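Note that full-length UniProt numbering has the sequence shown beginning at 1, numbered continuously upward.
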Amino acid sequence: MRVGIEVGGTFTDLVAVDGGRVEVVKVPSTPGAPEIGAFGSLEAAGIAAADVTDLVHGSTVATNAILERKGASIAFLTTRGFRDILFFQRHDRRNIYDLRYAKPAPPVRRKDCFEVSERVDAAGAVIQPLDEAEVRATLIPQLAEGGYQALAICLLSAYIAPAHEERLKALIGAALPELRIACSHEVAQEFREFERASTTVLSAYVQPVIDGYLDRFEATLARAGFQGGFSVMQSNGGRLPAVAMRRNSITALFSGPAAGVVGAIRQAERSQRRNLITFDMGGTSTDVCLVVDGAPAIAPETEVDGLPIRTPVLDIVTVGAGGGSLVWIDDGGMLRVGPRSAGASPGPACYGRGGSQPTVTDAHLIRGTIRADAFLGGTMALDVERAHASFEEVAGRLGVSVREAAAAAIRLAVANIVRAVQLVSTERGRDPRDYALLPFGGAGPLLAAEIAEELGIGEILVPPNPGVISALGLLSADYVRVAGVTRRASLGEEAPGLLREEFARFRSGAEAEFRSLGLDGELAFDLTADMRFVGQAFEIPVEIAPDRLAGLKPSDLADDFAAAHRRIYFHGGEPGRNVEIVGLRFGVRRRLDALPEFRERPAAVPHAGEAEIWTAQGAVKARLIDAASLDPADPVEGPTLVEGYSSTLWVPPAWRARRDEPGNIIMQRINA
């Protein structure tokens, strides 16, 4: 039995595969102790941990630790003269008209930042040896006195010459064995010292939190008799065994959104759809991703709370527009949706758990696109009166009825998501009309048609059980390891040799690591070179197939760079201008067997008759259909509510929906 458990902000989702049988479950999350919700999902599914052979987990524990500033007590150690690098940051100003603007604060206090005497130049030559006597006499006593849980070490040129960092780790680790130590050359072996230092500090900051969470999780599994493999999802769309994740927990920051994209791609491939715009609308946010030819874009860097993190992530844009997003009036009297959320506790007002502020879910209940007795397949009753009461103040301030206020909130949520889609498509030279829209998450299918209409998209693909696609993605994810290094070289005769040498080094290390983790089988490798014109400040990624390395020539690299430059900027640059390589990124993948067919879980409530839906054109009568009973031979036309266990699909007038043979629902505009 294989099980994927994804802990979201509002619900915890489970997908279990037992031979050819697939089971899905959603239970409320427990933000204070995410593992409780995770094991609650196993209990709700009637699954004994001892029967599970492969467990994959994704959560927001690392992200929340940074956002809520609930990480470890840490210290920062760097080259003498660079103590304030985390506070100087970059010479930019995100909000140029905000007189109160302040740069994001790092999670380490200035008094906890220390310096060590050493210096290495950008070529790796030692200018000043590490002063080990100073380390023993001064630094180690200071660290011992501080009572820190973790230490982040980021020396100026450690990305090219890590010997001083390695020696510091050995000296300090021997003297303070309980101190967790993160070194920049192990976390992000790339230049740009501020981004590298920020990544290393955040890795040290969340490491004890992740370790503690995994310790509790594994201890509970052990008590329940679990003896299978336990993996954790990464931000890059691949998984790794939990033991490997303990070495660099920063890679697990966006495991939930990444898992959702992987699950969506796997399910869309069954219907031969490879160009997609996915949007995952859950309880707290919406995550949007562009997928070209079955592959999502990978970004080498991301941010959390304004702080840069140099680790590969799926290129996902997130907006605060989830089912639990709060609806409110700003100081100028304008209606707003998000980014604040009611979360799992207390949740939307209609949950009846103490929440009183209006949310998008309450708006859907008022509009009629969610029915009170059909939510979560009829297993969770909603309170219509509380939903109406929550919108009364907003409606009064706007001078409209409660229904009109709810409809306006939904239109605003649609506008927020449309803007996110434009960020990943139109603003990157991609026409959204060339892609199928793939909504998932508990709230995604409710707004899919309205978003598609705004963008001119003519086809929507809705997977079975869309509310648990992230958990499906956990099981669908391959084992993946990525690494990046800074290696500068002009496109002369030595460049191909450098690529071959560095790729061989990575391949050898990756094969040894996967063997040590018990991941036998065929491995697939990829290579990307970060290249730029000499004199430019930033680079562009150029993919290079590893099987081309043997016969690669400098002219081939120049042609590849010109083609990549043309795709982004619509021109290949100035002829004859010098080009250089500044970094290399490697990936290794161990693929897993395909999952059995994913079919809709039948709901426990009847779906017959009609429901009244309030639209911009007034009230309409919508047909009710159970998602599991939608027949490939019998398409339906809107207005129709297709109700499933994990989500509801709203098919408005002028749209037609049919289920195809792989189990996906295909929606298309009528006469489009």
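A virtual CB, placed ideally from N, CA and C, is assigned to each residue, including glycine.
The model shown is predicted, which means the values in this text are computed figures rather than measured ones.
- Contact fails between the stretch 448-460 and the stretch 289-299, because fewer than three Cβ pairs, one in each stretch, are under 8 Å apart.
- In this structure, the alpha-carbon of residue 638 lies about 21 Å from that of residue 408.
- Annotation for residue 559: no beta strand (DSSP E) segment contains it, though the alpha helix (DSSP H) segment containing it runs 554-569.
- For residue 558, the closest of 575, 569 and 391 by C-alpha to C-alpha distance is 575.
- By alpha-carbon distance to residue 412, the top candidate from 328, 599 and 145 is 328.
- For residue 57, there is no enclosing alpha helix (DSSP H); the residue is part of the beta strand (DSSP E) that begins and ends at 54-58.
- For the set 157, 152, 161 and 159, the Cα lying nearest the Cα of residue 169 is the one of 152.
- Residue 555 counts as exposed, since fewer than 16 other beta carbons sit within 10 angstroms of its beta carbon.
- The DSSP assignment places complete alpha helix (DSSP H) segments of no fewer than 4 residues inside the stretch 170-257 at 184-187, 193-223 and 242-245, in order along the chain.
- For the pair residue 244 and residue 97, the Cα-to-Cα distance works out to about 44 Å.
- Put simply, the backbone Cα of residue 426 is about 22 Å away from that of residue 303.
- Taking a cut-off of 8 Å for Cβ pairs, the stretch 576-587 and the stretch 432-449 do not touch, as fewer than three such pairs fall below it.
- For the set 110, 542 and 432, the Cα lying nearest the Cα of residue 289 is the one of 432.
- In the three-state reduction of the DSSP assignment, residue 128 falls in the strand class, which pools E and B.
- Linking residue 13 to residue 132 through their CA atoms gives a straight-line distance of about 51 Å.
- Nearest C-alpha to residue 200 among 229, 228, 371 and 156: 156.
- The continuous beta strand (DSSP E) containing residue 486 extends over residues 479-490.
- One Cα belongs to residue 23, the other to residue 597, and the distance between them is close to 11 Å.
- Positions of the alpha helix (DSSP H) runs, each at least 4 residues long and wholly inside the UniProt domain "Acetophenone carboxylase-like C-terminal" (508-661), are given as 554-569 in order along the chain.
- Secondary structure of residue 167 (DSSP, three-state): helix.
- In this structure, residue 342 keeps its C-beta atom at 8 Å or more from the C-beta atom of residue 320.
- Around residue 471, the same chain offers 4, 5, 6, 13, 14 and 15 as residues with beta carbons nearer than 7 Å, after the five sequence neighbours per side are excluded.
- Excluding the 5 residues flanking it on each side, residue 103 has same chain C-beta neighbours closer than 7 Å at 89, in chain order.
- The closest CA to that of residue 636, considering only 652, 361, 487 and 161, is found on 652.
- DSSP places residue 341 in no alpha helix (DSSP H) but in the uninterrupted beta strand (DSSP E) bounded by 335-341.
- Going by C-alpha positions, residue 295 is about 34 Å away from residue 44.
- If you draw a 10 Å sphere on the C-beta of residue 630, you find 16 or more other C-beta atoms in it, and that means buried.
- When secondary structure is reduced to three states using DSSP, residue 63 falls in the helix class.
- No residue range can be given for residue 155, since it is assigned to no beta strand (DSSP E) and is classified by DSSP as neither H nor E.
- Non-local beta-carbon contacts of residue 389 in its own chain, meaning distances under 8 Å to residues more than five positions away in sequence, involve 349 and 356 in chain order.
- The Cβ atoms of residue 546 and residue 526 sit closer than 8 Å to each other.
- Linking residue 553 to residue 586 through their CA atoms gives a straight-line distance of about 20 Å.
- Listed as beta-bridge partners of residue 113 by DSSP are 76.
- If you draw a straight line from the Cα of residue 253 to the Cα of residue 63, it is about 5 Å long.
- Buried is the label assigned to residue 667, since at least 16 other Cβ atoms lie within 10 Å of its Cβ.
- Taking a 10 Å sphere around the C-beta of residue 312, we find 16 or more other C-beta atoms and assign the residue as buried.
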